[in-house]
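These notes concern the structure reproduced below.
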Amino acid sequence: MGETITFWVLAVVSVSAALGLVFSRKAVYSALMLGVVMLSLAVLYAVQDAPFLAAVQIIVYTGAVMMLFLFVLMLVGVDSSDSLVETIKGQRLWTAVAGLGFAALLALAVGNTAYGAPAGLESAVQEGGGNVPSLAQLIFTKYVFAFEVTSALLITAALGAMVLAHRERVRPRATQRDLARARFAGPQPSPLPGPGTYALHNAIDMPALLPDGTVSAKSINRVLARHEMEDGFTPTDPAKAALIKQVLEKDADQDHDPDLAEEPVQVKDALKQEDGK
Numbered sequence: 000m001g002e003t004i005t006f007w008v009l010a011v012v013s014v015s016a017a018l019g020l021v022f023s024r025k026a027v028y029s030a031l032m033l034g035v036v037m038l039s040l041a042v043l044y045a046v047q048d049a050p051f052l053a054a055v056q057i058i059v060y061t062g063a064v065m066m067l068f069l070f071v072l073m074l075v076g077v078d079s080s081d082s083l084v085e086t087i088k089g090q091r092l093w094t095a096v097a098g099l100g101f102a103a104l105l106a107l108a109v110g111n112t113a114y115g116a117p118a119g120l121e122s123a124v125q126e127g128g129g130n131v132p133s134l135a136q137l138i139f140t141k142y143v144f145a146f147e148v149t150s151a152l153l154i155t156a157a158l159g160a161m162v163l164a165h166r167e168r169v170r171p172r173a174t175q176r177d178l179a180r181a182r183f184a185g186p187q188p189s190p191l192p193g194p195g196t197y198a199l200h201n202a203i204d205m206p207a208l209l210p211d212g213t214v215s216a217k218s219i220n221r222v223l224a225r226h227e228m229e230d231g232f233t234p235t236d237p238a239k240a241a242l243i244k245q246v247l248e249k250d251a252d253q254d255h256d257p258d259l260a261e262e263p264v265q266v267k268d269a270l271k272q273e274d275g276k
């Protein structure tokens, strides 16, 4: 009685998830619905006294294969639009023929199950010496060809995922020599001074000080300074606040002119006052 109730409950859940898999407009939702179907099959295997198949269903299919599907969705993109132009002529006709053949096989399987006597798994497990040995014997003797075809199908799916995720490079990859040439062709060939140099703070939003005590305008983080100016959080030091405001205004007016940062601001006295405090 409990097995029958479990079957009908899982049948409703798996069929509903399969319909959601087919009719869902988002690929991620379809993948999640497929995971529900696989978990329902695992529970059915466990109810039918096949714990090894249930564990394989959860570990291999629900775990590994579902992760493969999600990786493909993340690489290709869930919003990728499919082309409506047929790249292979006659593929819709062959797809329809394959669908009809699969439907015929499914009808035969359902008919044999509905009108034939169930064999059960207890006798097969007892004859083979256990669930795992009997399953291994069937896979590598009677159904070895089908097993190899399934392996080839998985390899083909992996190759298809690689082809779909491949993108043609528009421009050649920049080498170290190209990066060095571009750097020396720019206005600042040397690295910018890091935050906190010759200063009492090592925070990234603190400008660096030169050896003579002046603030290096090139060390001001434009992104953080812009957010600080917009939100009203400016340094307490008037000289630093004025320098940050001056740099941002010049960047906005003259579009990052490299000559803007040539006039340092003397803040030695202000820093001494802060050290005294």
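Quick note on numbering: the sequence shown equals residues 0 to 276 in numbering that gives the first Met the number 0. Every residue, glycine too, gets a C-beta built ideally from N, C-alpha and C. Predicted model only: the values in this text are computed from it and were never measured.
Beta-carbon proximity check, residue i vs residue j, cutoff 9 Å
{"i": "residue 33", "j": "residue 65", "result": "yes"}
{"i": "residue 163", "j": "residue 74", "result": "yes"}
{"i": "residue 154", "j": "residue 146", "result": "no"}
{"i": "residue 216", "j": "residue 242", "result": "yes"}
{"i": "residue 111", "j": "residue 48", "result": "no"}
Residue i versus residue j: straight-line alpha-carbon distance, rounded
{"i": "residue 195", "j": "residue 171", "result": "Summary for residue 195: the model assigns pLDDT 49, below 50, so the residue's position carries little reliability, and this model does not support an answer."}
{"i": "residue 150", "j": "residue 58", "result": "17 Å"}
{"i": "residue 182", "j": "residue 174", "result": "12 Å"}
{"i": "residue 3", "j": "residue 52", "result": "20 Å"}
{"i": "residue 9", "j": "residue 168", "result": "48 Å"}
{"i": "residue 42", "j": "residue 50", "result": "9 Å"}
{"i": "residue 158", "j": "residue 152", "result": "10 Å"}
{"i": "residue 148", "j": "residue 22", "result": "29 Å"}
{"i": "residue 89", "j": "residue 25", "result": "28 Å"}
{"i": "residue 91", "j": "residue 98", "result": "10 Å"}
{"i": "residue 1", "j": "residue 160", "result": "42 Å"}
{"i": "residue 63", "j": "residue 72", "result": "14 Å"}
{"i": "residue 134", "j": "residue 11", "result": "28 Å"}
{"i": "residue 94", "j": "residue 156", "result": "17 Å"}
Whole-angstrom C-beta distance between residue j and residue i, which should lie under 8 Å
{"i": "residue 27", "j": "residue 13", "result": "Rounded, the Cβ-Cβ distance is 19 Å, inconsistent with contact."}
{"i": "residue 30", "j": "residue 70", "result": "Contact doesn't hold; Cβ gap of about 10 Å is too wide."}
{"i": "residue 5", "j": "residue 55", "result": "Not a contact, Cβ separation roughly 20 Å."}
Buried versus exposed, by CB contacts within 10 Å (16 or more), residue i
{"i": "residue 102", "result": "exposed"}
{"i": "residue 38", "result": "buried"}
{"i": "residue 189", "result": "exposed"}
{"i": "residue 61", "result": "buried"}
Within-9 Å CB hit, residue i to chain B
{"i": "residue 143", "result": "This model lacks chain B altogether, as it is built from one protein chain only."}
Problem set entry | Runs of alpha helix (DSSP H) wholly within the stretch 31–104 (minimum 4 residues, chain order) | Whole alpha helix (DSSP H) segments, 4+ residues: 50–55 and 65–75.
For this session: Please go through the stretch 139–181 and give each complete alpha helix (DSSP H) segment of 4 or more residues, from N-terminal end onward.
Result: The stretch 139–181 contains, as complete alpha helix (DSSP H) runs of 4+ residues, the segments 143–164 (chain order).
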